[in-house]
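Each residue of the sequence shown is one higher than the one before, starting from 18 at the first, in my numbering. Here is the structure we will look at.
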Amino acid sequence: MVSRVIPVEVFDLVIFGGTGDLARRKILPGLYRRFLSGQMTSDSRIIGAARGELSDADFRKMVAESIAEFVPKGRHDPAIIEAFLSRLHYVAIDAKGEGGWDNLKSLMRPDVVRAFYFSVAPSLFGDIAARLNTHGVADAQSRIVVEKPFGRDLASAQALNATLAQQFAESQIYRIDHYLGKETVQNLMAVRFANILFEPLWKSEYIDHVQITVAETVSVEGRGAYYDKSGAMRDMVQNHMMQLLCLIAMEPPYHFDPDAVRDEKLKVIRALDPVRPEDIVRGQYLAGGGQGGYVAHSENPSSKTESYIAMKVNVSNWRWKGTPFYLRTGKRLRARTSEIAITFKEPPHSIFDDAEGWRENVLVIRLQPDEGMNLMVMIKEPGPGGMRLMQVPLDMSFAEALGDEAEDIPDAYERLIMDVIRGNQTLFMRGDEVEAAWAWTDPIINAWEGKGDKPQGYDPGTSGPEDALMLMHRDARRWREIR
Ligand code: NAD
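Here you go:
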């Protein structure tokens, strides 16, 4: 069953870039769902701010269309949609100009939480942050939410942090990584720290290795020119996968408290070894299945940007010495799936003759599709065939466990926005964490750029380049199937 909804405080939320793709697909439909659940109360307001000249009515119409398109039909309640739309306003503002700010200021109410979501290109963060203050729109309690990408290397991330720090305190800055808002990702912490069962085994003595996979079937067509400046390492590994790795590898924080959790994650990032070139495989999808390849999609015939990366990462501390973390992510792969798989070691001695049937225990945390967890355990094969072993899953699918109520689970963006209103930064990245992640990433990227490394081609619909299989085989391990 889904836990009781506790309404958040009354707020005025301004979405800069309120007419953009992210706002229309995720932020605004998500806020409607929180309104429908009663978590956003009817005296809160949402103000879209963007460059276009729109009336409140135009903006409401746009949001009504977003709800129609991006909220499942079963959640459409016409009266509630009307009530939600009546909470919306729009102000035309150019982040780089002075017009519109006083209008925005006049809409801000005293004594309610003020939050400003920067759903715009990072190059505008500094302009918006400064004008929020110079025009007196923000107050000392205001929160700002910033989107990825947070820098493209250490220097740019430091510059962005410094720019924001001129206007807002760290306690007011919410750097969003929507992976941290996923139900299963938070459940990972509950599984680790609310059960006695796993934590004693959670170390290299008992864990053979960890695999983190984020596989996508989509190509970069349509946004290839943009993607080509980043690639899988910057787009996925430095942020989302790094966050997942931290949650698996971190020590128990003393409390589920923002800085306690983030301190522990930071220690993990700082304990990451530099990655050896031979432990990295980069790939680019080829043409196939009636679609062009990466090079065509990126509109860059000599592109050396990776649409796939696999790597072996070591966390150098007492807990993890000797347990590698294998990460892989890519576009145009066989299936869309994200999971973390923790593979345990063999029992020290087997009393059974059936070595053939034996498999390792694996704890699989599925982020998508079908969020849930799976613990693979050994049992006796049922029946009269003697003591033969077989592996079965202890399966917990959230959708199954929750039935109809599964639809009420907030998606990552909704949950994180409610955390902003509650003033809880636990699931947001702190500035030093982001910088530490770039400090680890930079030398890896510089090394392949320095020698002009070209990614290996891979066929679409597969699990990636051949060399990625070798990365595991070399260590007498294998990737889990992407399906
Ligand atoms: P978009 O191009 O669809 O929308 C940009 C929005 O910013 C529009 O509302 C536009 O009017 C506004 N804007 C542009 N220049 C402006 C200016 N000078 N002053 C005021 N408003 C201005 O972009 P998007 O896809 O919505 O992405 C927004 C941000 O979120 C980007 O930084 C992007 O990298 C990030 N992001 C997007 C997604 C996604 O799924 N779309 C996912 C993760 C992160």
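No residue lacks a Cβ here, since even glycine has one placed at the ideal position from N, Cα and C.
- I97 and Q56 have their C-alpha atoms some 13 Å from each other.
- A66 is positioned such that its CB atom lies closer than 8 Å to that of F33.
- Straight through space, the alpha carbons of R336 and D280 are spaced by roughly 17 Å.
- Bridge pairing for R160: A132 [DSSP].
- For A464, the enclosing alpha helix (DSSP H) stretches over residues 448 to 467.
- Counted as a single uninterrupted DSSP element, the alpha helix (DSSP H) harbouring Q175 occupies residues 171 to 182.
- E238 is the residue among P364, N204, E238, E323 whose C-alpha sits nearest the C-alpha of Q308.
- Residue nearest to E363 within the set S221, H106, N212, Y302 is S221 (criterion: CA-CA distance).
- In chain order, the residues that have a beta carbon nearer than 7 Å to some heavy atom of ligand 1 are F33, G34, G35, T36, G37, D38, L39, A40, R42, K43, A66, A67, R68, G69, I110, D111, A112, K113, S136, V137, A138, P139, L141, E164, K165, P166.
- In the displayed model, N317 falls within coil according to three-state DSSP, outside both helix and strand.
- In the three-state DSSP reduction, T346 falls in the strand class (E or B).
- Rounded to whole angstroms, V381 and P341 show a C-alpha spacing of 16 Å.
- R192 is the residue among R169, E164, R192, K165 whose C-alpha sits nearest the C-alpha of G440.
- In the DSSP annotation of this structure, M258 is not part of any alpha helix (DSSP H), being labelled neither H nor E.
- A direct Cα-Cα distance of roughly 5 Å separates V162 from Y134.
- Q301 sits in a strand when the DSSP states are folded into three classes.
- Of all C-beta pairs linking the region 171 to 190 to the region 354 to 370, fewer than three are shorter than 8 Å, placing the two stretches out of contact.
- Contact between the region 126 to 140 and the region 84 to 94 is not established, with fewer than three Cβ pairs separated by less than 8 Å.
- When rounded, the separation of the alpha-carbon atoms in Y311 and Y302 is 5 Å.
- In the structure shown, the three-state DSSP call for Y243 is helix.
- In this structure, S61 lies near R104, with their beta-carbon atoms less than 8 Å apart.
- Beta-bridge partners assigned by DSSP to I84: none are found.
- Secondary structure note for R51: its alpha helix (DSSP H) is the uninterrupted segment 45 to 54.
- Boundaries for T36: no beta strand (DSSP E) harbours it, and the DSSP string shows neither H nor E there.
- Annotation: the continuous beta strand (DSSP E) that includes N391 extends over 389 to 397.
- Secondary structure of I63 (DSSP, three-state): strand.
- In this structure the region 166 to 173 does not lie against the region 427 to 443, because fewer than three pairs of beta carbons, one per stretch, are closer than 8 Å.
- Inclusion of V332 and V379 in the CB contact set at 8 Å is not warranted, their separation being larger than that value.
- Residue environment analysis places E233 among the buried positions, since at least 16 neighbouring C-beta atoms fall within 10 angstroms of its C-beta.
- Nearest to I326 by alpha-carbon distance, out of R251, A207, R287, K397, is R251.
- Counting C-beta pairs closer than 8 Å gives three or more between the region 285 to 299 and the region 478 to 492, which meets the contact rule.
- Of the candidates D387, P472, I499, the residue whose Cα lies closest to the Cα of D245 is P472.
- In terms of Cβ geometry, M267 and K282 form a close pair [threshold 8 Å].
- Residue range 406 to 414 is occupied by the beta strand (DSSP E) that includes M407.
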